[in-house]
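Here's the structure we're looking at; comments come further down.
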Amino acid sequence: MKIKIIRSKFMEGLKKVQNIVAGKGSLQIIQNAMLEASDGKLSLITTDIDISIKSTVECEVVEAGATTLPVKLLFSTISSCAEGVVELETDFQERARISAGSAAFKLSGMNVADFPALPSTEDAFAYEIPQATLREMLRKTSYAVSQDETRKTLKGVLMSFKEGKLTMVATDGRRLALVEHEIEFPAAAERDIILPSKVVSELQRSLSGDGKVKITIEKTQVAFNLGETQIYSKLLDEIYPNYRQVIPQSCSQKIEVDRKLLLDAIDRASVMMMEESSSTRLTFDSNQLLVSSVAADIGEAKDVVPIKYSGERIEIVFNPSYVKDPLKAIDEDEITIELNNGSSPAVIRCSVPFLYVMMPLRIN
């Protein structure tokens with residue numbers, strides 16, 4: 000294999016694949032990136048067995064071929080090169096010679112025959128959705144994924160294709176984020192899948208504001224085709240809990256508040272908080288919300304936010320992060336907070352098909 004490629008193009012491809020690579024202690028071949036050159040393109044592929052990613056960039060192919068090279072070392076090598084043309088050539092012993100300007104490097108590779116093949120989802124139905132929409136849906140839900148390693152079912156984001164809608168849900172048992180978007184697909188393509196949190200993070204890095212993403216599902220695998228980048232992942236082999244049953248069917252009290260004002264007030268109240276005992280008290284009263292926090296032997300903080308509310312006085316205590324996370328994830332100026340009393344779950348809604356449920360910490 001022999002190619003000539005602009006350094007910035009090489010780096011563009013490497014940056015997209017470098018995060019998905021097996022760590023030390025695993026087989027050497029999956030600590031490598033597969034490089035395949037043909038038809039004026041260089042494809043770079045990495046995998047950690049659970050997730051695989053392929054990125055394609057333009058290059059001049061002098062001699063078609065393929066090899067695998069240590070991805071972290073290759074990334075460092077190309078990063079160190081000056082901008083301009085990089086030449087890469089391999090020999091029959093899988094040794095790669097890299098030259099850029101006056102710099103020259105030699106890297107030892109491994110045969111592509113030992114590199115795991117990419118999963119095949121070619122025969123599956125392809126759902127289509129704008130990349131920007133999927134990115135926003137992940138942004139509005141992914142923060143609620145459970146960090147508890149013992150709760151495998153909740154260690155991912157649910158994607159539910161039902162009744163002409165894609166519904167995405169994440170929960171850690173104390174809070175739940177849900178967002179919906181209408182898309183077209185046949186009734187035969189209705190199904191639920193759970194995306195592992197690692198591939199969710201990779202999608203958020205890779206999705207752009209342009210073009211569409213094609214999603215294909217085949218048994219235990221899902222593939223996301225973003226054009227020049229394809230991401231493949233195993234699915235969580237779990238059944239997602241019935242999330243609908245934790246969403247309050249009705250709430251007697253509804254409060255309208257400016258999202259940014261509330262977020263800023265909680266940030267100010269957080270100044271006094273100790274991590275091990277973080278809590279924010281929200282006191283809803285006639286047309287005003289008192290946001291407060293008290294830290295023993297340290298101090299207290301208070302702020303008042305104007306609201307639209309004429310109901311009874313309600314006090315409720317939350318983990319401040321549980322309130323701030325959805326406020327940071329949505330862009331709407333005004334939100335609605337729905338609740339029944341100080342010990343019941345609260346629901347945050349806005350003008351888009353989004354809702355967020357959070358449980359209070361305690362009541363004094």
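For the sequence shown, numbering that gives the first Met the number 0 gives the first residue as 0, with consecutive numbering after it.
Virtual Cβ for every residue (Gly too), placed ideally from N, Cα, C.
Give the single residue among the options whose Cα lies nearest to the Cα of residue i.
i      : options                           : result
TYR142 : ALA328, ASN241, ILE315 and ARG348 : ALA328
VAL212 : PHE283, MET158, THR132 and LEU326 : THR132
PRO195 : LEU175, THR219, ALA176 and GLY208 : THR219
ILE297 : SER277, GLY310 and GLU311         : SER277
THR55  : SER37, GLU331, LYS71 and LEU72    : SER37
LYS307 : LEU262, ASN340 and GLU255         : GLU255
SER119 : SER232, THR66, ALA264 and GLY12   : SER232
GLU333 : VAL293, PRO359 and LEU261         : LEU261
ILE77  : ALA268, GLU135, ILE128 and GLN17  : GLN17
MET393 : PRO359, ILE5 and PHE74            : Not covered by the structure: residue 393. The range shown for the chain is 0 to 363.
ALA169 : GLY64, ARG6, VAL245 and ASP113    : VAL245
ILE230 : LEU13, ILE5, LYS53 and GLU11      : LYS53
With a threshold of 7 Å on Cβ separation, who are the neighbours of residue i within its own chain once the five nearest residues in sequence on each side are excluded?
i      : result
GLU62  : MET0 and LYS1
PHE160 : TYR126, PHE184, ALA188, GLU189 and ARG190
Would you tell me roughly how many angstroms separate the C-alpha atoms of residue i and residue j, rounded to the nearest one?
i      : j      : result
SER285 : ARG243 : 31 Å
LYS151 : ARG204 : 23 Å
CYS250 : ASP302 : 26 Å
LYS164 : VAL84  : 47 Å
VAL198 : GLY310 : 44 Å
LEU235 : ILE192 : 8 Å
ASN224 : ILE216 : 11 Å
LEU288 : ASP257 : 11 Å
LEU354 : GLU181 : 16 Å
ASN241 : GLU162 : 17 Å
Let me know if residue i comes out buried or exposed under the rule of 16 or more other beta-carbons within 10 Å of its beta-carbon.
i      : result
SER291 : buried
VAL20  : buried
THR46  : buried
THR149 : exposed
LYS23  : exposed
ILE347 : buried
ILE313 : buried
VAL270 : exposed
Starting from residue i and walking both ways along the beta strand (DSSP E), at which residues does that stretch end?
i      : result
GLU337 : 333-338
PHE160 : 155-161
THR132 : Not the beta strand (DSSP E): THR132 falls in the alpha helix (DSSP H), residues 130-138.
GLN203 : First-last for GLN203: 196-205, but that is the alpha helix (DSSP H), not the beta strand (DSSP E).
LEU281 : 279-284
ASP302 : 298-307
Where does the unbroken alpha helix (DSSP H) through residue i begin, and where does it stop?
i      : result
ILE327 : The amino acid at residue 327 is misidentified as Ile; the sequence shows Lys. Where LYS327 is concerned, the enclosing alpha helix (DSSP H) stretches over 319-328.
VAL366 : Residue 366 lies beyond the stretch modelled for the chain, which goes from 0 to 363, so this question has no answer here.
GLN258 : The residue asked about is misnamed: residue 258 is Arg in this sequence, not Gln. Start and end: 258-268.
LYS71  : 70-79
Once the 5 residues before and after residue i are set aside, which same chain residues still bring their CB inside 8 Å of it?
i     : result
GLN30 : VAL20, ALA21, GLY22, LYS23, PRO69, VAL70 and LYS71
Residues in the same chain with beta-carbon distance under 6 Å from residue i, minus the five sequence neighbours each way, listed in chain order, please.
i      : result
ASN363 : Reliability fails at ASN363, whose pLDDT of 47 lies under 50, so the model's placement of it is uncertain and the value that follows must be treated cautiously. Nothing listed; no residue qualifies.
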